[in-house]
C-alpha cells in the first residue's frame, strides 16, 4: 500500500512537470510573431533597425520569462516535491 | 570569430544584462551571507545560473539579429527553433543544479529571473526602448 502511495506521488509529480512544460511552447510562438512583425517594420523603415532590434531583444527577454517560470515549476516538481511529499506521507503514517 | 559578426546593439544589450546579473548576483550572495546560509554551493549555483542566463540572452540576441535579415516565415521558424533549444539548455543547466549536491538549488533558480528584472529596470538606466 505504501509503495502504491509513493508511486502515485511520483507519477503525479512527473505528470505535473510535463504539464507545466506545455507553457514552454508559448514564448516560442510569441517571439516568432514579434520577430515577423519586426522584419516587416525594418522592411518598411530600414533606418530603424537598431531601435527595432533593441525593442525586440527586450520584448523577447520578457516573453522568455514565462517559459522559465514553467521550467522552474517543472524542476521543483521533479527534484524537490517528491522528497517533501514522501516525507509528509511517512510522518503521517508514523514511519 | 563569432563576436565579429555580432551587431553592436546585441553586444550593448548583452553587456547591460551581464552587468545587471552581476550586480544582482552580488546582492543575492549578500542576502545569503546576512541570513547565515552562505557556503560554497551558493556561490557555485549562482555562477552556473548567472552564466547560463547571460549565454541564453546572447544566443537570443544572435537569433534575433540573424532573423531580421530573413523573410518573415523563415524568421518565425528560426526563432521558434532557437527558443526551444535554449529552453532545453536551461533545463539541462537547472537540472544539473538541482541534481548535483555541489550546487544550491535556490541559488540556481533565483538568478534565472535576473534578466527579467534588468529589463524592467532598463528605462531607469537610460535604455532606449525603440524611440
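Protein chains in written order, with the working numbering: chain A, 20 to 114; chain B, 146 to 276. We put the beta carbon where it would ideally sit given N, CA and C, even for glycine. In this text the structure is predicted, and so the values were computed from the model without any measurement.
- Remark: C-beta atoms of residue 257 (chain B) and residue 95 (chain A) do not approach each other more closely than 8 Å.
- In the structure shown, residue 215 (chain B) falls within a coil segment according to DSSP collapsed to helix, strand and coil.
- Contact of residue 169 (chain B) with chain A is not assigned, every C-beta pair being separated by 8 Å or more.
- Straight-line measurement puts the Cα of residue 192 (chain B) at about 13 Å from the Cα of residue 164 (chain B).
- In chain order, 206 place their CB closer than 7 Å to the CB of residue 158 (chain B), counting only its own chain and leaving out the 5 sequence neighbours on each side.
- Put simply, the CB of residue 46 (chain A) is near chain B, with a gap under 8 Å to one of its CB atoms.
- The stretch 42-60 of chain A and the stretch 204-223 of chain B touch, with no fewer than 3 CB-CB distances between them shorter than 8 Å.
- In this chain, residue 248 (chain B) is not harboured by any alpha helix (DSSP H), its DSSP state being neither H nor E.
- Three or more Cβ pairs closer than 8 Å define a contact, and the stretch 72-84 of chain A meets that threshold against the stretch 251-266 of chain B.
- By the Cβ test, the stretch 65-72 of chain A is in contact with the stretch 208-216 of chain B, since at least three Cβ pairs between them sit closer than 8 Å.
- Taking a Cβ-Cβ threshold of 8 Å, the residues of chain B close to residue 61 (chain A) are 213, in chain order.
- Where residue 50 (chain A) is concerned, the enclosing alpha helix (DSSP H) starts and stops at 44-63.
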